[in-house]
Structure formats: C-alpha cells, structure tokens
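First up is the structure itself, then whatever we jot down about it.
Number of protein chains: 2
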Amino acid sequence: MQVYHLYSGGKDSSLSAWILERMGYSVELVTVNFGILDSWKYAKETAEKLGFRHRVLYLSQDIIEKAAEIAIKDGHPNNAIQFIHERALEALASLPEVERVSDGTRRDDRVPLLDLPKSRSLEDRFNVAYIRPLLGLGYKTIRELTERLFVVEIRESEQLEKADYEVELRHLLREEGIDLLTIFPKSHYQSRVVGWRGEGRYD
Amino acid sequence: MQVYHLYSGGKDSSLSAWILERMGYSVELVTVNFGILDSWKYAKETAEKLGFRHRVLYLSQDIIEKAAEIAIKDGHPNNAIQFIHERALEALASLPEVERVSDGTRRDDRVPLLDLPKSRSLEDRFNVAYIRPLLGLGYKTIRELTERLFVVEIRESEQLEKADYEVELRHLLREEGIDLLTIFPKSHYQSRVVGWRGEGRYD
C-alpha cells in the first residue's frame, strides 16, 4: 500500500507520515516546488534524517504567480496557500503511479483544508484515496505526539530554513516589491523537525 | 498515554482502536449500555478476540428514552443516534481518570458525527483530548484497511448480535409498540468484527 504524502519538513507533515507508516503504508514523501528557490532541500534533509523516501514535485510557476495575485488582492495569505495546496494535491493525484495521496492537514487548521465535497471531488476526479491522518486530532493530541516523537526547531518564518509553500510565495512577493508586512503577520513562528527524539521512529 | 475508546465491536470502532494502538496509545475499549439488553457482551467478546481491554459504561435510561422520542418524532433514527453518541462521549469524558476519549466516527458518516465547535466544546468542558483516527479517511481507505486486518461478519441489523446504540434503541421502540419499519430502513446491513485476519494484530 504505497501512499504519496505532501511534505514540508514541518511537525504536522512529519507526524502524519509517521502515523501512515504505523498504519502499514509504504510512505513516499513529496515536496512541492516552483523552481523559484531550492527550499525543497530542507524537506529532503529532514526526510533523510527520519528515514523516509523523498521526491520533489515541480509545479508550474503560473500557480504560484496566481497565488501571489490572490495574496496581494486579499492582504492576507490564506486563500493563496489554500489555492497552492489544492493544485499540489491535484498534481500529485494525477501522476499515473499514484493511487493514494495524503497530507498533514488537521482539524484545527483554517488553511489549507479541503472540505468534504472538495475531498470527495479530489478522490473521484483522480481515482485516488485521500488520507489525512491528523484530521481527527486536536492541538493537544498533536502537541503530545510531536513532543514524544520529534526534536523540533522553532524560529520566526523569515529565519527558518523551511520547504513549505510560504517560502517561495514570500520570495516571489518580495521580488515583486511587495511589503510582506502588508500580507503576513509580523511574528509568525514556524517549526521544522530536525530528527527523532530518543530511540527513534519506533520509540 | 491512556485513551478510552467508544466501542461497538463493528469495523469502524475496531479499525480505529487498532490505529490508536499503532500510534502508541494504551487503548481501553468502552461499550455503552442502558441496562435494557446485555448487548454489550458482543463487543466484549470481540474486544477479547482482538486482545484489547474492555469495560461497560452504563448510562441512564432517560437518555435512550429521550432518543426513542426523537426517533418517533423524526420518523428516522439519525438524530436519536447522534443524541446518544454525544451523551456517551460526555459521560466517558466526565470520568475522573479519563484524559483522552476517542471513537470510530469517519469522514463520510452523517451520524454520529461531532462538528468542529462540538468537538472543541467536548474537549474544553471536560478537559480531555478527543481523538478520531478515521475522520481523515474515506470509504476506500477504510475498506482497504478493514479487509486487510479483520475477519468480518455481515448480516441484516435484526439478525446480527451487535452492541451498538441501535440494538437497545430498536428493542425499546419495539417494546413501546412502534413499527420499526416506520423509523429504520428495511434492509440495513451491519457488520461485526470476529477476529484478526492472517497473522493477527501486527500483520
């Protein structure tokens, strides 16, 4: 049972990859990149530390340019992030070898998050199963599991070497001369998993 | 990490118990009963076959009587089942030793299912974590995992020795002289797990 799991190197996508593996899936981590920065390498680094297979899925720059437009129009990044995530799931689900896609989206997330009709539509259009191991977990549960499993580094978004959609989106907006403070909250702490805690993946 | 898991002996609650165990939880299965029938014993039997600890949680008959009223008024059982499930979660969450409650509700269920505000309210009112391992899984995924893990018996509701809320609700309604066909769909297949497939729980 092979599953392709959208992966940023963060806590949520790492925790859900671990749960998938514990459920008996053969997990391949997939980091989306638009060819603007090589930020995917931070996710690859974490994937290797955790012992998962990893690949990069390059998406068209049209998508991140459209996302940048959305973020500028809205004055906040939520709909832009949601837009990128939906396109990333579709691109992954459309690969011929892919029968199961997954991600680390969670119950308490506002974005990115597919509602029930969108989830079923993804499954039906691409004939895949869409699996979200964290959807039924609240923040207490996720915090408890994450603390038990991972060594995590927490810094402000701008300082952390990360591989999520926001990294390239920020870069593109900055290139376009946009003041990031008009779109992103000022102090937004982000996390990155740097390894297993204690005895490792089967701790 | 001890979790108390609402358990009927069916596929969904068995699959979610297995996932919880794989996630590192110490799982105790809990079957709700109203003292009308000893239907809890079928869940206990399955729990023992699967190797999980099991207890019965007796709830007030007022709850199932209220549920019967709801079902009669509605002409269908959905709101009645939802009502019982919410009371069952509250009763379990209110026990002093309970810090984590869980159930086998799934993405594609209409009832019973707590929406986001109700889930957070349960967690906040009783200071527990509420964990739903199947919430992020669609029917394809659940079918695939269930077929891989369990030997399942499928029969019509009326013939199957089960331990879910419906068994006592049907009995109570029948006792009250209600024609069950005015409330429940005629042919409603139900499933019951009877054991592990193949090499068992760590297959």
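Residue numbers (the working numbering), protein chains in the order written: chain R, 1 to 203; chain U, 204 to 406. We put the beta carbon where it would ideally sit given N, CA and C, even for glycine. This one's a predicted model, so the numbers in the text were calculated from it and none came from an experiment.
Locate the alpha helix (DSSP H) running through residue i, then write down its first and last residues.
i: R/Ala129; result: No alpha helix (DSSP H) holds R/Ala129; the beta strand (DSSP E) holding it covers Ala129 to Ile131.
i: U/Ser219; result: Lys214 to Arg225
i: R/Ala88; result: Asn78 to Ala93
i: U/Asp318; result: Neither: U/Asp318 is in no alpha helix (DSSP H) and is coded neither H nor E.
i: R/Leu221; result: Residue 221 of chain R lies beyond the residue range present for chain R, which begins at 1 and ends at 203; the question has no answer from this structure.
Thinking C-beta only, is residue j closer than 8 Å to residue i?
i: R/Tyr4; j: R/Glu28; result: yes
i: R/Tyr130; j: U/Gly307; result: no
i: U/Arg346; j: U/Tyr392; result: no
i: R/Leu92; j: R/Leu169; result: no
i: U/Gly398; j: U/Lys252; result: yes
i: R/Leu181; j: R/Leu173; result: no
i: U/Ala147; j: U/Val235; result: Given that chain U is displayed from residue 204 to residue 406, the structure contains no residue 147 of chain U and the question cannot be resolved.
i: R/Ile81; j: R/Pro112; result: yes
i: R/Gly35; j: R/Ala163; result: no
i: R/Ser102; j: R/Pro133; result: yes
i: R/Leu15; j: R/Leu114; result: no
i: U/Phe286; j: U/Ile273; result: yes
i: U/Val233; j: U/Leu260; result: yes
i: U/Leu338; j: U/Arg303; result: no
i: R/Gly75; j: R/Ile178; result: no
i: R/Met23; j: U/Ile267; result: no
I'd like to confirm the pairing. Which residues does DSSP put opposite residue i in its beta bridges?
i: R/His5; result: R/Leu29 and R/Ser102
i: U/Trp399; result: U/Phe353
i: R/Tyr189; result: R/Glu156
i: R/Arg215; result: Residue 215 of chain R cannot be examined here, being either before or after the span of chain R that is shown, 1 to 203.
Starting from residue i, find everything on chain R with Cβ-Cβ shorter than 7 Å and list it in chain order.
i: U/Pro336; result: Gly136
Give the range of the beta strand (DSSP E) segment to which residue i is assigned.
i: R/Ser60; result: First-last for R/Ser60: undefined, no H or E at that position.
Quick one: measure Cβ to Cβ for residue i and residue j, integer angstroms, because I've assumed they're closer than 8 Å.
i: R/Pro77; j: R/Glu166; result: 7 Å
i: R/Lys11; j: R/Val151; result: Their Cβ separation, rounded to whole angstroms, is 11 Å, which puts R/Lys11 and R/Val151 out of contact at 8 Å.
i: R/Arg192; j: R/Tyr42; result: 7 Å
Using a cut-off of 8 Å between C-beta atoms, extract the partners of residue i located in chain U.
i: R/Lys140; result: Glu326 and Ala332
For residue i, go through chain U and note every residue whose CB falls closer than 7 Å to its CB, in chain order.
i: R/Ile19; result: Met226
i: R/Arg110; result: Simply none; closest approach about 10 Å.
Which chain R residues are close to residue i, counting only those with a beta carbon under 9 Å from its beta carbon?
i: U/Leu319; result: Arg107 and Asp108
Name the chain R residues whose beta carbon is nearer than 8 Å to that of residue i?
i: U/Ser322; result: Arg107 and Gly138
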